[in-house]
Every structure is written in C-alpha cells, then in structure tokens.
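Residue numbers (this note's numbering): 240 to 987.
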C-alpha cells in the first residue's frame, strides 16, 4: 500500500537489507517484521517496474500500426461497436517491426464484426499511452489500467478491413467458454430483463446489466451480489464438498483409499477454482480461493486453522500473487467485510439463526460505514433489509439453478438449460419487485461529502467500540466516534475569498467557482456515451470530495456537447437553485444569460459580459462569458468566444476586462485569443482546458506564443489535471492535481 502512494518507484537499493535482516530474523523473531516489510516493498517495486517497462514509446502514439494478436477477453458493448483486450504478438510501423505493450485495449466500431475470445486477428490501429482525467474525488483511470497490466489504448482504423488469421477452439479456453455460456443465456432469456443479471451470476460478465438495474443495486447496497464473490465461491465449494462426501459414503464406491473428507476437500477446491475462472479471477474470488485453499489444506493435513489466521494468510497470499490488488476498491471492501464478520461472531453468545442473520446485516453495514464514506461518499440505509432478503434468495436458489443450467448447457439438450435459466430469471424478477420498492424509498441512500482525514481513524475506533459484544461498557460511545464522519467538512473559502477549479474533463470545459457560502458551476464537460459523461464522472465526485452540498448556479455557456454534455447527470445529483445558459431551451427551467446580469456573494461580485442582450451572435460567439471579481483577485471565463465576440467585449467593456486568471477562449483555438484581447485582459495566469492528444491540436502554437511573448504563465489540463486557484488573504495560490497526487504510473 505504501508503494502505491509514491510519485516514483523506490530504488532497488531496498534489496540490500534483505540478507542481514534474514540472518537477524533467524536469530531473533522480532526482526521478521522489518524483513517482511522490506521484502514486500522490493516485491511490489519489481512487479511494478516490469509493468512500466512494457510501455508504448511516445513516438508511436497516433501512428498507424499493423498489429497481430489474440482477442483476450469478452468484448464489451459500446454505443458504437465494442471494446476488447488484445494480446499483441507482432506489430509493425510500415514494414518495420516495432515493440509495443503486450496487452492493449482496443475500441472497434465495425458493427459486422463478432470476434470470439481466442481468435487471432490482424488490425490497423492507432494507439496512445494510458491517460485519464485527474480530479479530486475522481476515478483514477490510469491506475485502473496499470493494475490490469494494460499499457496502451486505441482504436481499430475503419479504412482497412480487419483480418481473421485463425480461430482456435483451444486458445483462451476459459474466456471462450464464458463467451459461449453468455450467448446461451441471452438466447434463452431474450425477452427477460434479467438476462444480464443471470449472465453475471453464471460467468461474471456484467456488461448486460442496465444502468437502471445498477442504480437499484447501488441504492439497496446489493451490488456485491452481482459479482462472483467469496460468498458465491463458498456456496459452490460447500455444495460440491457435501455432495462428494455423500457419494464417497455410498457402499462399494471406489474411494481409492482416500478418506471422504479429504476427497471432498480436493474436489470442492477444484470446483471453486473453475467457478472463479468464470469470473476472470477477480479480487474477491482470489481471496475466496486462497481462503478455501487454506481451510481445505488444513483438512488434508489434519490441522485446525483459526479464522483470524485464515484471513491474515489469505491477505498475505493475495498480495504475493498480485501486489497491485490494493489499487482495487474491491480488495478493501472484500477483506474489510470478512474482517467485520469475523470480529462480530468471535466470542459471542449463540442466538437464534434468524436473529444472527439480521444482526449480521447491521454489523456489516456499520462496520463498512467509514470505508464506504471514504470511497464513495454514500451508504445504503436500506441495505440491511435488502441483503437480508436478497442474499438467501440469490445464494440458495438463483445461483445454484443458474449453475445447474450452465452444466446442463454443456451436457444435455438446450431446452433443459433454457428452462433452468428461465426459472432463475423468474425468481429474480419477483425479487426485483422488492428491491425496486426499497430503492424507491426517500431515504434509501445516504449521500454526503467526503469525510475529513482525521475523522477516519476516529470513526474506525467508534465503529469497533460500537460492535463490541453485549456487556462491553458504554457501547453507545462508539456512536460519538462516528459523528465526525458526518459533521466535519473539508475546508472551504472564507468570506471575500474565491476558490476556482478548472476540472480535467478532456477536450471540454467544466469549472467550479466557490465563495464562502455559495457555489457556481460553469459548463459541465462532454457526454461521451449513455453511461459516461463529465457530470457523472467528474463534477459530482468533485463536489462531494470538496464538501459542496448545494449548487446555487449552473451556468452553461452554449450548446456544444463539450460544454453541456454533463448537465443532465449533474442536475440529477445536485439540483441547481438557478440555471443560466446561452441555450435555455436545452435545459428545463433555465434563463437566458446576457451581458449586464450581476449578483454578489460573500463580498465577491459576478458579472456576465456576453452575449449582448440584443445581438446577432450565433454559436460560440453567443456563449455566456463571466467575470468574477474579489478584493483578492479577478477571474474571467469567456467560454468559446472567438475573435468577433472578443472585439465586441473590447468595445463594450473598455478598460473593464482585466483579470488575474483567464481561462483561454475556445480551448486555445487560433480563432480566439487575439492580441488585442490578451492585452486588454493582462492575465498573470492563463488556463488551457484541452484534451490529451486532442484531434483539434489545441492549443494552437500561435496562441501559445502570444501568451508567452507577454510573460503569461500557461497551464493545461493534460499536464496538470484539475487546476485550483485560490484567491484569498494569502494572495493567489495555484495547485495542480496531477502533480499534487502524482503516482508512479501516471503518464507524463
């Protein structure tokens, strides 16, 4: 975990203490702890270093490359085509062989292409190094790709037909079987809305679960049931274990001199490994397999294992197997939930089964509360009730029937497996009625700001105190320890101060202006697909991470997708008290923005400069432009205005355009940032909201030169991530999230 927080990998000089520490540990057991620590750091460093070496050379970014390799995982449907992981065997630039990462992710837009896992293909592709948005509270896409060992992403060129080289039934057999099984299930459940969920239970493929279904699962705290997790693995192992023990007890059965208990342990572990393979060996299944291996290994060796030792052993072995597992939220939730359960049952008085089950749900809800607030800024209040109902139904009925259907799909006529899948889907439809009801309750989901850092250890102590056994003195004090998680907010600006953040949303614009008691959002970034937009992926997490609960004004400058695309998702999470826009017809309840509109918040003045109330401007030039003025500094956001609108501003606001901080008009396009405009604004700092390797080549070199000739400091989104400017009593301070939160896997 320590290494994953570093901006660069530790030196291999860490290997030097290994030999003396090993000798000392053999002499005194106390030295085993530093030995394990140093060995762990060295192991993570070696593994991460090998992944970093498998990188795409910068000079190959954006070039047409001919690649040959194998479809390595289930294709995932996109709005246009699909994406897939591709294991590269050979690559050429023209006629010259080149070295590129072995594992890449490709988007393929050809609707006629239906590749099978294990098929070998030849593609003409364009690749780039991993590069994602970097914002407070946001998802670290670069870290995710790194943990998946994917070191380049790209797309298949549509102007040259892909070439199928070979179709090998025995290449990637697990992935090929997962794909075949998913197709069987979807064929059997073509008319059922539960097809995606049943497929997820069978082979771990969650691509068919709809957004609406994910929302119900999220609000009811049951998303863990969709993943093939430790509970599912344990269920399969348990069924197989007792089945084999029963078969071994049949008189005359060839026991091969192996006791029934040990035979059952071996077969149960094999069944669990196979089921885990169907999920692609996800983190929860790794933990479950390792824990099962320890338990069943103890049976084979006739030894007893205490639960805490079991969990610690599983944790150690998972980290040895995959030291990057700590980068996954699933890792923390998986081990934390098991630890909470073990803590809650150790040394407790036995109760009736139904009481134990109900109590367990509340224990898990309270035990995971600090972690859920840290990771997601939310927790499901209906979760204990939903899980109390859903877990028995899914684990005892839906999953066994689904897996029986999968077995029948291989061995028996298709009609039998279809009937079993349909029965499982029907049970899920009935369960779904209850989950939808719970999801629709007003207080089904608690959503709040991110807890401050020091509240987390206090909250953990409070949680442990609260979950102590009955009879522990003053257990209610644990509630007091939990209060800071809810009551303490991240710091904000004082009266008269302005905190401005230009968020990293790629080739688009989204910015947040905060005063002491108010917040304004200027533009919302782009909508990239039905499931992904800047409002949902960037703005909402940022507002929660920084403690903003209410949105006073949403100002959408104009109607281009890269400015308005995230508005719908943002407003769903943060309904704005007031909406201003250059295209009010596109936003329900919005008012037309125009020059001359003013208001004052906490000793900070806001003035709209564009468009004129009576204007012939259209498109970019008709966008809203905002000037924010405080006694500590001035900020100008001109959106995408171009040269004509800049001239209009110079005429209308002669002498009133000066700003310390300027967001470059139109992302630094050559049609904006005229010399006269820059001279009138006289910025100290200009921010360039551009995308990494964007197709428009923004910012234009001539525009960059104009600012540099005037000594203006320039910062852009790809190199800086989110840029925060604080104008207050300490002057103007600038922070860049990509530098402040730098990790060794970030693309430079």
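All residues carry an ideal CB built from backbone N, CA and C; glycine is no exception.
Check, Outcome
"Start and end residues, alpha helix (DSSP H) containing residue 691", "Taken as a continuous stretch (DSSP letters only), residue 691 belongs to no alpha helix (DSSP H), as it is neither H nor E."
"For residue 619, the first and last residue of its enclosing beta strand (DSSP E)", "617-619"
"contact_flag[the region 730-745, the region 354-366] where n(CB pairs < 8 Å) is 3 or more", "no"
"Sub-8 Å separation of residue 747 and residue 801 beta-carbons", "yes"
"Whether residue 896 touches residue 915 by CB criterion (8 Å)", "no"
"Where residue 565 falls, given that 16 or more other Cβ within 10 Å makes a residue buried", "buried"
"C-beta atoms of residue 427 and residue 472 nearer than 8 Å", "no"
"Beta-bridge partners of residue 601, as assigned by DSSP", "Paired residues: none, contrary to the question."
"Reduced DSSP secondary structure (H/G/I, E/B, other) of residue 867", "strand"
"Beta-carbon proximity check, residue 685 vs residue 628, cutoff 8 Å", "no"
"Start-to-end residues for the beta strand (DSSP E) that takes in residue 815", "815-820"
"Three-state class that DSSP yields for residue 293 in the structure shown", "coil"
"Opening and closing residue of the beta strand (DSSP E) in which residue 749 lies", "749-753"
"Residue 478 vs residue 660 beta-carbon contact at 8 Å", "no"
"DSSP state of residue 849 mapped onto helix, strand, coil", "strand"
"Under 8 Å between C-beta atoms of residue 758 and residue 773", "no"
"Cβ distance (whole Å) where residue 988 is taken to contact residue 415 below 8 Å", "This structure does not reach residue 988, given that the chain is present from 240 up to 987, and the question cannot be answered."
"Close beta carbons around residue 248, own chain, < 8 Å, minus the five adjacent residues each side", "242, 284, 287, 288, 291 and 983"
"Nearest residue (CA-CA) to residue 508, options 487, 539 and 486", "539"
"Length-filtered (4 minimum) alpha helix (DSSP H) runs lying within the region 541-596", "546-560 and 568-584"
"Residue nearest to residue 965 in terms of C-alpha spacing, selected from 797, 868, 949 and 946", "868"
"Alpha helix (DSSP H) segment containing residue 641, residue limits", "638-650"
"DSSP state of residue 405 mapped onto helix, strand, coil", "strand"
"Opposing strand residues paired with residue 310 [DSSP bridges]", "325"
"N- and C-terminal bounds of the alpha helix (DSSP H) containing residue 878", "Note, residue 878: premise wrong, no alpha helix (DSSP H); not H, not E."
"Distance CB(residue 943)-CB(residue 953) smaller than 8 Å", "yes"
"Residue closest to residue 980, alpha-carbon to alpha-carbon, out of 302, 858 and 376", "376"
"Under 8 Å between C-beta atoms of residue 698 and residue 718", "no"
"DSSP bridge partner residues for residue 358 (one or two, in chain order)", "406"
"Exposure of residue 704, with buried meaning 16 or more beta-carbon neighbours within 10 Å", "buried"
"Nearest-angstrom beta carbon gap, residue 891 and residue 876 [assumed within contact, 8 Å]", "Contact doesn't hold; Cβ gap of about 17 Å is too wide."
"Same chain only: Cβ atoms within 7 Å of residue 552, ignoring 5 sequence neighbours per side", "533"
"Residue environment, residue 730, which counts as buried when at least 16 other CB atoms sit within 10 Å", "exposed"
"Sheet register partners of residue 394 (DSSP bridge)", "346 and 365"
"Nearest-angstrom Cβ-Cβ length linking residue 342 and residue 388, presumed shorter than 8 Å", "5 Å"
"Per-residue burial, residue 726 [other beta carbons within 10 Å of its own, 16 or more giving buried]", "exposed"
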